[in-house]
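Peer 1: After the structure tokens below, expect a handful of questions from me.
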Amino acid sequence: MPQGYLLLLLHAHLPFIRHPEHEDFLEERWFFEATLETYLPLLEMLENLHRDGVDFSLTLSFSPTLLTMFSDELLQQRLQRHLEKLLELTEKEIKRTKERPENALAHMYRERISGLYHYYLDRCRKNPLLVLQHLLSTGKVELITCAATHGFLPFMRREAAEAQIATAVSTFQQYFGQTPPGLWLPECAYYPGIENILDKYRLKYFFVDTHGLLYGNPAPCWGVYSPVQCPNGVAVFGRDPESSKQVWSKEEGYPGDFTYREYYRDIGWDLPLDYIRPYIHPDGIRLNTGIKYHRITGKTNDKELYDPWAAREKAALHAGNFMFNRQKQVEYLSSFMDRAPVIVAPYDAELFGHWWFEGPIWLEILLRKIHYDQETLKTITPSRYLSLYPESQVIQPSFSTWGDKGYYEFWLNGSNDWIYRHLHKAANYMVELATSLPNTEGILQRALQQAARELLLAQASDWAFIMTANTTINYARKRTQDHLGRFFKLYHDIKNNTLDPTWLQAIASKDNIFPEIDYGLYRQQNINDSRVVSHL
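Taking the working numbering, I'd label the letters of the sequence shown as residues 746 to 1281.
Dropping the structure here:
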């Protein structure tokens, strides 16, 4: 019997980005990069661990938008094309660097891209959901869901928040044949009362940031090292700040080690435009290719060449250090707790491989070390821990997110506050339509379903996040405006009986997410928190 448990959770999410109207669309590369650098390496690593008989437990949250993109034929074709272009580029790089010190790295990238290409086509058959289904069947991976389009739930009226969660649950059931056991709240954004919706859809647990639990009422007797129960019985796990800091911190976290690969040096920016043009945007916009020859080195523009073997050794060292620190935590905590403590360590999946190239290696070594090298600590899933300790303290968690400063400011400030009056208006209109038109068929039903899709897509928290982060602001604004514009046109066409079947088919073909969506989820609910942001 271990003295304590480590609950590792990776949250994977991208906004729904699919542009059939363009042959090559810049933002679709977010999906290509994350799939090749994070999702496929992680899935292959987990399959290898299972094949080798390693006893491990890992919780994965995949947003419904990402699951949909995995299974979309257009994006599958485009990802295969992207892989083939990368293979071509790696061959050219081997020739270009023949007499240069980067040549060994060029060979490394060719082997890596070739391996990913065959894994994607042969093992995944272009759909990583097949591997996820297999991993789920092993019992070593617990899959959970997120809100439908990763909407920021605290800023929604009850019906809109419920539609986000209900659509996520039905999408999960469609892909995996079962109800998800738990849910990752988008941005870890909690407000009192959201647990009532989770309970309605048989979701047993969710997660909050550290202060969401510590500032609960009453204070948790075991801090964040044991889940608590909301008054309605839904369990809540709180994030451990120590394990978070070791991985996330820019100043102290492992990913900033000077031995690791430098994310911001890429041949897409370093090489002459005439050479690299076929592998970046057709308009000549420089982009990351994923081929990077340098290590972090230090806070200097002069970067030394990357040494993959030295980086792997450092990843092993960091994995051992992480395990040692978790062992010491559980040894201390178990000395006074009435149950084995659980250290909850959630991370964005994209950190592993995309931002931190060595992340998947670190995670693999960590899981192997926990299995082979010690007996103090064991990995566990939320469901397994709750089965061991079904009774826990009843607490009302506190308003919180895991974003900057811990509350809602990142998603509501001067850069993005303009979107919310339109989102609230659209949600109110959607409730009006769903309530007044309960039984429909034909074009009217299709229009109502599409209105629900457009509202969900407009609500994605990514757009407000991007506006605050000051990155691809124009794209975030355009996506918000486009989806809201389509929604309001649908609303007025439905009200005035002026629906255009050709236009409706065009936008339904473009924004084709959630084909079986139930617009009836938006029907007016006669409960106290049905009005806009009543909990604020």
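Here a beta-carbon is modelled for each residue, glycine too, at the ideal position from N, C-alpha and C.
Small disclaimer: the values here were computed from a predicted structure and weren't measured.
When burial is assigned at 16 or more other CB atoms within 10 Å of the CB, is L1281 buried or exposed?
Peer 2: Model confidence at L1281 stands at a pLDDT of 45, short of 50, so the residue's coordinates are unreliable; what they give is reported in the following sentence. It is exposed - the Cβ of L1281 has fewer than 16 other Cβ atoms within 10 Å.
Peer 1: Counting C-beta neighbours from all protein chains within 10 Å, is the total for A1055 16 or more, i.e. buried, or is it exposed?
Peer 2: Exposed, since its Cβ has fewer than 16 Cβ neighbours within 10 Å.
Peer 1: Across which residues does DSSP place K830 in a beta bridge pair?
Peer 2: Its beta-bridge partners do not exist; DSSP assigns none.
Peer 1: Alpha carbon to alpha carbon, how far is F801 from L1112? Give it in angstroms, no decimals.
Peer 2: For L1112 and F801, the distance between alpha carbons rounds to 6 Å.
Peer 1: If you reduce the DSSP assignment to three classes, tell me which class W1014 lands in.
Peer 2: Reduced to three states, the DSSP call for W1014 is helix.
Peer 1: Starting from H990, trace the alpha helix (DSSP H) both ways and give me its first and last residue.
Peer 2: It is worth fixing the name first, because residue 990 is Lys in this sequence and not His. Segment 986 to 993, the alpha helix (DSSP H) holding K990.
Peer 1: Identify which residue in G938, L1096, D1047 has its Cα closest to the Cα of F1144.
Peer 2: It is G938.
Peer 1: Which of helix, strand or coil does DSSP assign to C975?
Peer 2: Coil, per DSSP.
Peer 1: Work out the CA separation of H1228 and R1198 for me, nearest whole Å.
Peer 2: Distance between the alpha carbons of R1198 and H1228 is about 9 Å.
Peer 1: So F1210 is in the alpha helix (DSSP H); what residue range does that whole segment cover?
Peer 2: Taken as a continuous stretch (DSSP letters only), the alpha helix (DSSP H) holding F1210 covers 1206 to 1214.
Peer 1: Following the continuous alpha helix (DSSP H) through D1238, name the residue where it begins and the one where it ends.
Peer 2: Run containing D1238: 1218 to 1241, per the alpha helix (DSSP H) assignment.
Peer 1: So who's on the other strand from T1045, going by DSSP bridges?
Peer 2: BP columns for T1045 are empty, so no partner.
Peer 1: Give every residue of the same chain whose Cβ lies closer than 7 Å to the Cβ of R1276, excluding the five residues on either side of it in the sequence, and list them in chain order.
Peer 2: Annotation note: pLDDT 36 at R1276 (below 50); position unreliable, coordinate value reported separately. R902.
Peer 1: Can you list, in chain order, the residues of its chain with a C-beta nearer than 7 Å to that of E789? Leave out the 5 residues immediately preceding and following it.
Peer 2: Cβ within range, chain order: Y864.
Peer 1: Tell me whether H1169 sits in a helix, a strand or coil according to DSSP, three-state version.
Peer 2: Looking at H1169 - three-state DSSP - the assignment turns out to be helix.
Peer 1: Near D1162, which residues of its chain fall below 7 Å by C-beta distance, leaving aside the five closest residues on each side in sequence?
Peer 2: Cβ within range, chain order: n/a, list empty.
Peer 1: Give the single residue among M1175, G1013, Y1038 whose Cα lies nearest to the Cα of P1027.
Peer 2: P1027 has its Cα closest to that of G1013, out of M1175, G1013, Y1038.
Peer 1: What residues in its chain sit with their C-beta under 7 Å from that of E1109, if we drop five residues either side in the sequence?
Peer 2: Same-chain partners within the cutoff: M790, L794.
Peer 1: Rounded to whole angstroms, what is the Cα-Cα separation between I942 and V1087?
Peer 2: Taking the straight line joining both Cα atoms gives about 26 Å.
Peer 1: DSSP on T1004, reduced to helix/strand/coil?
Peer 2: Reduced to three states, the DSSP call for T1004 is coil.
Peer 1: Work out the CA separation of I858 and T780 for me, nearest whole Å.
Peer 2: If you take the alpha carbons of T780 and I858, they lie about 12 Å apart.
Peer 1: Considering only their Cβ atoms, is the gap separating V979 from K945 smaller than 8 Å?
Peer 2: Not closer than 8 Å, so no.
Peer 1: Which complete beta strand (DSSP E) runs does the region 1053 to 1108 hold, if anything under 3 residues is left out?
Peer 2: Whole beta strand (DSSP E) segments, 3+ residues: 1087 to 1093.
Peer 1: Kindly identify the DSSP beta-bridge partner or partners of H767.
Peer 2: Note: H767 sits in no beta bridge, so no partner.
Peer 1: Is the CB-CB distance between K1037 and D1019 below 8 Å?
Peer 2: Taking 8 Å as the Cβ cut-off, K1037 and D1019 do not qualify as a contacting pair.
Peer 1: Taking the beta strand (DSSP E) that L805 falls in, what are its first and last residues?
Peer 2: Segment 803 to 807, the beta strand (DSSP E) holding L805.
Peer 1: Would E1186 be called buried (16 or more neighbouring beta carbons within 10 Å of its own) or exposed?
Peer 2: Exposed.
Peer 1: Tell me the DSSP secondary structure of Q1119 in three-state form.
Peer 2: DSSP places Q1119 in coil when its eight states are reduced to three.
Peer 1: Compute the Euclidean distance between the alpha carbons of Y862 and E772, then round it to the nearest angstrom.
Peer 2: Cα-Cα distance, rounded: 21 Å.
Peer 1: Write down the C-beta distance between F776 and L759 rounded to the nearest angstrom, noting that I regard them as a contact closer than 8 Å.
Peer 2: Between L759 and F776 the Cβ distance is about 6 Å, and since that is below 8 Å, they are a contact.
Peer 1: Below 7 Å CB to CB, which residues in the same chain sit around Y1220 once its five sequence neighbours on both sides are set aside?
Peer 2: Cβ neighbours of Y1220 beyond the five flanking positions: E772.
Peer 1: Got a sec? Which residues, its chain only, sit under 8 Å from K995 by beta carbon, not counting five neighbours each side?
Peer 2: Hits under 8 Å: G1001.
Peer 1: Have a look at Q748 and L898 and give me their C-alpha separation to the nearest angstrom.
Peer 2: Spanning the two alpha carbons is a distance of roughly 37 Å.
Peer 1: Taking the alpha carbon of K1240 as the point to measure from, which residue in S1137, L1202, I1258, M1175 has its own alpha carbon closest?
Peer 2: The residue with the shortest Cα to Cα distance from K1240 is M1175.
Peer 1: Grouping DSSP H, G and I as helix and E and B as strand, with all else coil, what is E773?
Peer 2: Helix, per DSSP.
Peer 1: Tell me whether Q1270 sits in a helix, a strand or coil according to DSSP, three-state version.
Peer 2: Q1270: coil per DSSP, three-state reduction.
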